[in-house]
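First the structure, in the form of structure tokens, and then the observations on it.
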Amino acid sequence: VYLKKIVINGFKSFGLRRNVIPLEKGYVVITGPNGGGKSNVIDAIKFALGELSAQALRASRLSDLVYEGNNGQRANLASVSVVLDNSERALPIDKEEVTISRKLLPNGESLYQINGKTVSRSDILTLLATCNIRPSSVNIITQGAVLGIAEMSPEEMRKLLDEVA
Amino acid sequence: VYLKKIVINGFKSFGLRRNVIPLEKGYVVITGPNGGGKSNVIDAIKFALGELSAQALRASRLSDLVYEGNNGQRANLASVSVVLDNSERALPIDKEEVTISRKLLPNGESLYQINGKTVSRSDILTLLATCNIRPSSVNIITQGAVLGIAEMSPEEMRKLLDEVA
Amino acid sequence: KLAVFMRTFERVSREAGYYFNKLTGGEAWLELADPERPLESGVEMVVRFVGKPPRSSRGISGGEKSVSAVALLMGLQGLTPADFYIFDEVDAHMDVAYTRNLAALFKEMSRKTQIITVSLKDIMGEHADQLIGVYSQHGESRIVITKLGETIESKAG
Amino acid sequence: KLAVFMRTFERVSREAGYYFNKLTGGEAWLELADPERPLESGVEMVVRFVGKPPRSSRGISGGEKSVSAVALLMGLQGLTPADFYIFDEVDAHMDVAYTRNLAALFKEMSRKTQIITVSLKDIMGEHADQLIGVYSQHGESRIVITKLGETIESKAG
Ligand SMILES: Nc1ncnc2c1ncn2[C@@H]1O[C@H](COP(=O)(O)OP(=O)(O)OP(=O)(O)O)[C@@H](O)[C@H]1O
Ligand SMILES: Nc1ncnc2c1ncn2[C@@H]1O[C@H](COP(=O)(O)OP(=O)(O)OP(=O)(O)O)[C@@H](O)[C@H]1O
Ligand SMILES: [Mg+2]
Ligand SMILES: [Mg+2]
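Chains as they are written, first to last, in the working numbering: chain A, 1 to 165; chain B, 1001 to 1165; chain C, 2001 to 2157; chain D, 3001 to 3157.
What follows is the structure, encoded as structure tokens:
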């Protein structure tokens, strides 16, 4: 279940156009100048996977996730879709690809969809848990977090070990 | 009052030999591989200027500051001297240079000296305060601290401003 | 319960040590802070860099912490294998030698697991299957995708 | 009391803005979180990067935070001028463009104030008056000093 494509529109620094990012299966490197939007791509993935905490997406409030451009231009809603490869049917859905989408509506509510069908957030989390995918699991390391992992106290490291046991 | 020379011996990764680091007045760059001892040089300066907190020197306890080499080799005491240029007599001592030294003795006590004369820690702090030098002031930025400065809350930034007013 | 924990502990210790050795040439392992009470005890990662005595991962340098953290994360992977990893500038404090080792490790692991990493260093992208450039233009982010030599401008849908 | 604070506030705001502009070409200033109560109010730094709308320094990227923090620190200098500055890898998250601007700023400031900086990047050392190499050998740190072309091995006294 690798990430095949991400589609971002109106989320953080990604403006009103549909930004399509196809991803290869192997070794992918994202690069570019400071403030370009690299970490926002990672925030977009976490957002689509169901991340609820604005702080974990580096925003003060969820409403800060909606694109704000120059001259007061603002998107109506923030939308991210993540297309997962399902050729090995690891996810219990009989399709080659599974698309998880989330839209942050102007009223602050989130709309979740699997392959275009509206579902609840817990439907998404349950589906992804079958493949060990969670919005804030050990396989997504945000910028600056790496030093903190080595500085974990013995109690914290124990907790981490118990989580994966 | 710039830093002219640092002499380190038995402090953190600096072993039993006397390590002498002459410093130029202008733009000095310290470089080298990971784990070489670059940040320990900065810890050594803070230590000599009177830093009391082991955590601020990236150690769990003060006794961790004493050099521990391979095969259980250990220094007896950790010693750092900082030679300050005083050609403009900014420090109220009539000498071209002023040497501040600190030794961490085996009993955990610290021995402070100014130009070889034993003094108290508060004598050192009072002398240095005449030139705005404190062990943990805004002009010494430790590794990893820079992101935290931009992430200060409005209350923290206010406190910083009040401190320098 | 104790047997399950000890099996996890041993396994992560061994795997973290394997990846640490790949990254630095040294050794690493996990220790129980209080071996008398294994069910409640905290856990420490001990690392021994080449030419140095063993130390807890909390008392080492910035770059040394970065490689140790990556080794631990990879070690945890054995238990809960993930199909993809995302790393955001984990190489920021690493020197050229460790960065090169990291890029080689990521490349090797990418045969089995998708590895997505953000980096500002050319070394990290030298053997990438895909290079994604993200930059800001007129106040919004744009994407340029390069795959092994061809450049495709992200199609604005 | 209010007058003293407002004078400090204005001054740091102006100076931080000057250094921010030198580093990025954009603008920066300080704002009172609660202008009605200046004596208790918190303070925010607002930054406007070239081509982008103004934002609080808390909501920007890693590299953008690094340049903003350096600009603020330099802005504070006007009030309590220090004779020396020490920076430990403040350029870790900066890209090549900002790192180059930082090195140029440090070089310029070093005419009046001693600047000591730790960096793993060659760009930072290109115009240094002195380059100090620190490396580990047989489990202890050693020093090599280069001054504008000559190399002197640190004398073990
Ligand atoms: N809601 C929003 N609307 C518009 N721009 C936003 C929004 N939220 C954040 N930004 C901007 O997004 C930009 C890019 O941030 P991001 O952290 O992704 O950069 P980056 O490429 O990771 O940079 P770095 O290399 O410095 O880490 C920042 O300049 C930030 O101010
Ligand atoms: N008391 C001690 N005795 C011996 N070595 C020590 C002691 N305390 C710390 N060290 C070691 O000092 C080494 C150098 O640490 P330091 O943080 O100065 O490295 P650095 O050059 O800043 O590296 P980086 O580029 O990764 O930040 C570390 O490997 C650490 O384990
Ligand atoms: Mg980033
Ligand atoms: Mg360091």
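We treat Cβ as the ideally placed atom computed from N, Cα and C, and that holds for glycine. Fair warning: this is a prediction, and the values are worked out from it, not measured in the lab.
As assigned by DSSP and simplified to three states, the class of residue i
| i | result |
| --- | --- |
| Ala3156/D | Residue placement at Ala3156/D is poorly supported in this model, since its pLDDT is 45, which falls under 50; the coordinates still yield a value, given next. Here Ala3156/D sits in strand by DSSP. |
| Thr1130/B | coil |
| Val82/A | strand |
| Tyr2019/C | helix |
| Asn1019/B | strand |
| Asn34/A | coil |
| Asn9/A | strand |
| Ser1110/B | strand |
| Tyr99/A | The question names Tyr, yet the displayed sequence has Thr at residue 99/A. Strand, per DSSP. |
| Val1029/B | strand |
| Arg74/A | strand |
| Leu1125/B | helix |
| Lys46/A | helix |
When the options are compared against residue i, the one with the closest alpha-carbon
| i | options | result |
| --- | --- | --- |
| Val80/A | Ile45/A, Glu97/A, Leu91/A | Ile45/A |
| Ser110/A | Ile141/A, Glu51/A, Lys159/A, Arg58/A | Glu51/A |
| Glu2031/C | Phe2049/C, Arg2011/C, Leu2023/C | Arg2011/C |
| Val2134/C | Val1/A, Gly10/A, Asn19/A | Asn19/A |
| Lys3158/D | Ser3068/D, Ala3033/D, Pro3053/D, Ala3082/D | For chain D, the structure presents residues 3001 to 3157; residue 3158/D sits outside this window and is missing. |
| Ile1006/B | Leu1057/B, Val1098/B, Arg1074/B | Val1098/B |
| Pro3054/D | Glu3027/D, Gly3125/D, Ala3128/D, Val3144/D | Glu3027/D |
| Lys1038/B | Met2109/C, His2093/C, Thr2146/C | His2093/C |
| Glu3126/D | Ile1030/B, Asn1009/B, Ala1059/B | Ile1030/B |
| Ala1048/B | Lys1159/B, Leu1065/B, Pro1033/B | Leu1065/B |
| Arg3100/D | Met3006/D, Ile3115/D, Leu3023/D, Phe3009/D | Leu3023/D |
| Asp3095/D | Lys2121/C, His2138/C, Ile2116/C, Gln2130/C | Lys2121/C |
| Ser2119/C | Ile93/A, Ile42/A, Arg17/A | Ile42/A |
| Asp2091/C | Glu2064/C, Arg2058/C, Gln2130/C | Glu2064/C |
| Leu128/A | Ala90/A, Arg74/A, Glu155/A | Ala90/A |
| Ser136/A | Arg17/A, Glu163/A, Ala56/A | Ala56/A |
| Tyr2098/C | Gly2025/C, Leu2076/C, Ser2013/C | Gly2025/C |
Segment limits, beta strand (DSSP E) that includes residue i
| i | result |
| --- | --- |
| Ala1059/B | Segment: none, Ala1059/B is in no beta strand (DSSP E) and carries neither H nor E. |
| Val3144/D | 3140-3147 |
| Asp2088/C | 2084-2088 |
| Val3134/D | 3130-3137 |
| Thr1118/B | 1117-1119 |
| Ile3116/D | 3114-3118 |
| Leu3030/D | 3027-3032 |
| Arg2058/C | It is not in any beta strand (DSSP E) - Arg2058/C carries neither H nor E in the DSSP assignment. |
| Glu3040/D | No beta strand (DSSP E) contains Glu3040/D, which DSSP labels as neither H nor E. |
Run of the alpha helix (DSSP H) containing residue i, from where it starts to where it stops
| i | result |
| --- | --- |
| Thr142/A | Careful: Thr142/A lies outside any alpha helix (DSSP H) and carries neither H nor E. |
| Leu1147/B | 1146-1150 |
| Val3070/D | 3062-3077 |
| Leu161/A | 154-164 |
| Ala3104/D | 3096-3109 |
| Ile3123/D | 3122-3125 |
Contact check, residue i vs residue j, beta carbons under 9 Å
| i | j | result |
| --- | --- | --- |
| Ala3071/D | Ala3016/D | yes |
| Ser3056/D | Met3074/D | no |
| Ile141/A | Tyr2085/C | yes |
| Lys4/A | Ser2141/C | no |
| Leu1077/B | Ile1100/B | no |
| Val2047/C | Phe2087/C | no |
| Ser3061/D | Gly35/A | yes |
| Val28/A | Ile2143/C | no |
| Ala1150/B | Ser3068/D | yes |
| Gly2139/C | Gly15/A | yes |
| Leu1104/B | Leu1062/B | yes |
| Met3109/D | Ile3116/D | no |
| Ser2136/C | Pro92/A | no |
| Met3039/D | Leu3002/D | Checking the displayed sequence, the identity of residue 3039/D turns out to be Leu instead of Met. Contact: yes. |
| Leu161/A | Val2050/C | no |
| Pro1154/B | Ile3145/D | no |
| Gln3130/D | Lys3147/D | yes |
| Arg102/A | Gln113/A | yes |
Cβ-heavy atom distance, residue i to ligand 5, below 8 Å
| i | result |
| --- | --- |
| Glu3140/D | Ligand 5 is absent from the structure shown, which contains only ligand 1, ligand 2, ligand 3 and ligand 4. |
Residue i: contacting residues in chain F (beta-carbon distance under 7 Å)
| i | result |
| --- | --- |
| Glu1051/B | Here chain F cannot be found, since the structure's protein chains are A, B, C and D. |
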